[in-house]
Amino acid sequence: MLGYYFVLALYSLKRNRVMTALMILAIGLGIGASMTMITVLHVMSGDPLPGRSAQLFVPLIDPRPVSGIKPKDTTPDGNMTWPDAMYLLHAARADRQAAMAAGALPVRPTENALHPFFEFGHYVTADFFLMFGTPFHAGGGWTAQNDAERARVVVLNAELNRKLFGTAPSIGKTVRLKNTDFRVIGVLDDWRPQPTFYAQIDDRAFGRGDQFFLPLETAQELKLDFNGRMTCWGSGGDARTSDHCAWLQFWVQLDNPVNAYAYRHFLADYWHDQQAHGRFPRPVNPQLYGLLDWLTVQHVIPEDLRLQLWLALGFLFVCMVNIVGLLLAKFLRRTGEISVRRALGARRRDIFMQLGIESSVIGLAGGVLGLVIAELGLWSVRQRPDGYAQLAQMDMAMLLETFALAVVASLLAGLLPAWRACNVTPALQLKTQ
Amino acid sequence: MPLPPIVASLTRHKLTAWLLVLQVSLTCAIVCNVAFMIVHRATQLHLPSGVAENELVSIESTDLDGSAPQLVRHDTDLAALRAITGVKSAAAVDALPFNLNDWSNGIALVQDGPARAAATAFNGTPGELATLGLHLVEGRDFLPAEYVPLDTAHDWAGIDRVPVTIITRALGNQLFPGQDPLGKSIYPDEKPVRIVGIVDHLIRPHTHDGDEGEYATLLPMLPDGNDVTYVLRTSPENRDRVLKEMPEVLNRVYGNRILRHAQTFTQLRADYFHRNRTMIGLLIMAAAGLLFVTALGIAGLASFWVQQRKRSIGIRRAVGATRHDILRYFQTENFLIVTTGIVLGSLLAYALNVLLMTHYEQPRLPVSYVAFSAVALWLLGQLAVLGPALRAAAVPPLVATRSA
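Residue numbers (the numbering used here), protein chains in the order written: chain X, 1 to 433; chain S, 1001 to 1404.
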């Protein structure tokens, strides 16, 4: 019977070829646009550190004065001043903790004939590597002792390591960054968490990631340029070590809720203590943001992309309403035919099945078209010069989801018209003719 | 055309008619807001930067050996750059509109007072104004004696030594509303700085909405860090050649440096706005797609209805209705549906606008956009219904005598 209904459906759809094609096109466009954007947002809202993110937190203590220029700007960016970060670091009340800042430095290859070039990296403290579980291809990180000694050591990421040393072992070799020689003590196994969650969240959050890591205190001693936002208030210059310029990021690892609770108390105590010294004029309100919450608060996904998703979903909805209306009109026009079939003994179920299959054919065809359009859409996203562009790939889960969406959408669109049409009263219809 | 029969007939197709109304109203609501966003973003795209956009090229140079005095290095570089054929003037600067290199200071009007605005500091060598092509509307350019080094090595301490500044009109209006800012003093840091000139426009390295986008101070401070941007003014047709010669000339003067971002100002601006352009393209596609789908819905429904009512049309024709009457019937029916859709859609448009205002800092939707979309949808509806309506009008009275 299903086969027969299928043939009937094709026959009926063929009678209005243009209309059928346009319906399929509309549903295909709607699903294609939606799936493109759902995929992009899906890959961007993934967990950058699966398995570890639940234990990682950003402590938020806000040293800024009460009267800012922009009162509406209430979300602090999480940046810390040098004295605060150093205090929290050396107090070592969390299971692990690290302070860090981004930097871009000229790399001057000594072993090959490469021209000097700029590279993005991070100035971090010892716990960074253990806390974030960075995979080492060779060697390892440094110790708190090295931090204190302001050691000239560096950990390279795979890409920069390959560029400088090829495949030769590089541990113990020297890299010249700006004007200083650093000894390579570790090489990472192409560690590129997406997004680069630990840095200030900006346009570079997605993409290539950092290629070198060196001790923060060393960078400070050498006055290496840092890269990013620095907010100063009051007066007295923009010194990096001053207590009125926030520019460092700070991360802690807290293995269980008890430790997290204790750490929040520790932060509150510090805040009170600083108030006694005339700093931290805002009411005491320390916060601990979990990694994923932090990314949400910092809007790691550009607002434009969210807007694009809503636009695509709105478009899909209008397409669905459109299909429902068209199918309804189409089925209701065939009430005569339906009444005859009913009078000849077809049950409501049969009519419903027949019309349901007709709408499913449109839905499935639209779904297949939608998949093609989604692939095209993702291809066009990959052409954007943004860091997230390369992530825009459809995985198996997303592929199945696209299909599910197409089937559900078409069923929803077809059910109502089919239900309405199978409810016609045969006698009344036949009589009026 | 009497409305009651049309309304009565529509009540026979209540569900279908309401679906069409829903579709029209959703389209109306979304298209209004999308059109508004397109215009908003397109305006940003064409913000006047205040500089001579099609005459500028720039390059960023980083000295790898920091030991040499940078002020001397910059002077030597600039002399060499000015010698390139076709270069009218050159300056070393730290910030340009749209280059994202933003050093903003809270500007107070008394010492240690509250900041009245955050303004970008544009610092550069003598001739910066002329090179950028800024338009001085009041006051004067800086005097040679007023220039001080930026003192990058000591946290840009030059800001406490610089005697004078030139500010934008937008900043002047914000700091001294209703007064002439010329001659007044501002406090970007601890020391007073006297305003000696006003320029009409200068966009900050990051765009901001409204006047805030032009809160800028020009300061006679000489960049003295390892990192500097050279900006050259030439004629539009010479830009490409100058762009190519710049790195060669600089490397000939001194090779131990990294040169980056050699580009014309036009490229700089295009790069800055590439996301905006993508977004505008997508918004236009979305609006066009919605209008297309809605037109499709209207035409499709109308043609089904025409087929369904063939017999009644025949009867009406047989009892004396003209072709014109039939045509008008379908046109009026469409007008009714689309109008209902527009009324609901306008309400929805404002509801959507409120949502966008809270989540995306979108301004309030002007009524003109709703009016415009209404007209567009009416036209679209009439256009979409025309084909089916003409087919209906062509139904001969003879049909009435046939059985269905």
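No residue lacks a Cβ here, since even glycine has one placed at the ideal position from N, Cα and C.
Bear in mind the structure is a predicted one, so any value in this text is a computation, not a measurement.
Check	Outcome
What number of angstroms, rounded off, separates the C-alpha of A1095(S) from the C-alpha of A413(X)?	56 Å
In whole angstroms, what is the alpha-carbon distance linking A404(X) and V1367(S)?	40 Å
With 8 Å set as the bound, which would you pick, yes or no: does the beta-carbon of I69(X) sit closer than that to a beta-carbon of chain S?	Residue placement at I69(X) is poorly supported in this model, since its pLDDT is 48, which falls under 50; the coordinates are not used for a value here.
Are the beta-carbon atoms of L1175(S) and L1109(S) separated by less than 8 Å?	yes
Grab the span of the beta strand (DSSP E) containing I171(X) for me, first residue to last.	Segment: none, I171(X) is in no beta strand (DSSP E) and carries neither H nor E.
So is L369(X) in contact with chain S if we call contact Cβ pairs under 8 Å?	no
For T425(X), which residues in the same chain have their Cβ closer than 7 Å to its Cβ, ignoring the five residues on either side in sequence?	none
Where I69(X) and S1104(S) are concerned, what is the direct C-alpha to C-alpha distance, given to the nearest angstrom?	For I69(X), the predicted structure reports a pLDDT of 48, less than 50, and the residue's modelled location is therefore unreliable. A value from the coordinates is still provided. Answer to the nearest angstrom: the Cα atoms are 12 Å apart.
Taking Cβ positions only, does G325(X) come closer than 8 Å to chain S?	yes
Just how far apart, CA to CA, sit V1228(S) and L1243(S)?	17 Å
Pull up the distance between the alpha-carbon of H1359(S) and that of S1346(S), whole angstroms please.	20 Å
Can you check the region 136–224 of chain X for any beta strand (DSSP E) of at least 3 residues that lies completely inside it and give the ranges in chain order?	136–139, 153–156, 174–177, 180–188, 212–215
Evaluate T241(X) with the Cβ neighbour count: other Cβ atoms within 10 Å of its Cβ, from every protein chain shown; 16 or more gives buried, anything less gives exposed.	exposed
Tell whether a beta-carbon distance below 8 Å holds between V1072(S) and G1133(S).	no
So which of F57(X), F117(X), K173(X) has the shortest CA-CA distance to G139(X)?	K173(X)
Any beta-carbon of chain X closer than 8 Å to the one on N1123(S)?	no
Between which residues of its own chain and R1269(S) is the CB-CB distance below 6 Å, once the five residues before and five after are set aside?	F1098
Name the chain X residues that come within less than 7 Å of I1315(S), Cβ to Cβ?	Here the premise fails: no neighbours, minimum Cβ distance about 13 Å.
Please confirm whether M1221(S) has its beta-carbon closer than 8 Å to some beta-carbon of chain X.	no
By the DSSP assignment, the beta strand (DSSP E) with G1139(S) in it spans what residues?	1136–1139
Leaving aside the five residues before and after K1310(S) along the sequence, list all residues of the same chain whose C-beta is less than 7 Å from its C-beta, in chain order.	V1395, V1399
Under 9 Å, CB to CB, which of the residues in the region 1255–1267 of chain S have a partner in chain X?	N1256, R1257, I1258, R1260
Mind checking whether G1213(S) and I1203(S) have CB atoms under 8 Å apart?	yes
Could you tell me which chain S residues have their CB closer than 9 Å to the CB of N79(X), listed as they occur along the chain?	Here the premise fails: no neighbours, minimum Cβ distance about 15 Å.
For the alpha helix (DSSP H) containing A1384(S), name the first residue and the last one.	1367–1393
Going by beta-carbon coordinates alone, are Q253(X) and R96(X) separated by less than 8 Å?	yes
Compare the C-beta of F117(X) against all C-beta atoms of chain S and say whether one is closer than 8 Å.	yes
DSSP beta-bridge partners for W251(X)?	A98(X)
Of all the CB atoms in chain C, is at least one closer than 8 Å to the CB of I1342(S)?	You won't find chain C in this structure, because its protein chains are X and S.
Indicate the three-state DSSP secondary structure (helix, strand or coil) for I301(X) in the structure shown.	coil
Please report the straight-line C-alpha distance between L371(X) and V43(X), rounded to a whole angstrom.	17 Å
Less than 8 Å between the CB atoms is what I'm expecting for L224(X) and K163(X), so what's the real figure, rounded?	No, L224(X) and K163(X) are not in contact; Cβ-Cβ is about 20 Å, not under 8 Å.
Which word fits T1085(S), buried or exposed, when buried means at least 16 other C-beta atoms lie within 10 angstroms of its C-beta?	exposed
Classify A113(X): buried if its beta carbon has 16 or more other beta carbons within 10 angstroms, exposed otherwise.	exposed
Can you tell me which of A1392(S), H1040(S), Q1044(S), R1041(S) puts its alpha carbon nearest to the alpha carbon of A1302(S)?	A1392(S)
For F1273(S), return the contacting residues in chain X, with the cut-off set at a CB-CB distance below 7 Å.	The premise fails here: F1273(S) is roughly 12 Å from chain X at the closest Cβ pair, so nothing lies under 7 Å.
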